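Numbering (the working numbering), first residue to last: 141 to 214. Positions of the beta carbon are idealized from the N, C-alpha and C atoms, including for glycine. Model, not experiment: these values are computed from the prediction.
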Amino acid sequence: FGKISERKNLLLVAERSDEAAWLSARNLPRVHILEPGQLNTYDVLVSDDVVFTQAAFESFVAGPQANDKEGSDA
């Protein structure tokens, strides 16, 4: 795996349930944290590095339909 660069902006993609990631990253300078469903082109383009937690990556790859099924009552 590659090393995280020493550039300025880091985008961290983590599940909302990953409380440790959210609490750890929220006060770090130049670190922006999003849920997989909030990920957008702008945030990716302005970031020097994009880092996913394993759970967030799996959720992102599964797509929005997987998230909708989990939250539906059907």
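- Judged by DSSP secondary structure, residue 163 falls outside any beta strand (DSSP E) and instead within the alpha helix (DSSP H) spanning 159-165.
- When the Cα atoms are used, residue 180 and residue 174 turn out to be separated by approximately 9 angstroms.
- Secondary structure of residue 185 (DSSP, three-state): helix.
- The beta-carbon distance between residue 196 and residue 154, rounded to whole angstroms, is 5 angstroms. This is short enough to meet the 8 angstroms contact definition.
- By the neighbour-count criterion, in which 16 or more other beta carbons inside 10 Å mark a residue as buried, residue 163 falls on the exposed side.
- The C-beta of residue 176 has 16 or more other C-beta atoms within 10 Å across all chains shown, which makes the residue buried.
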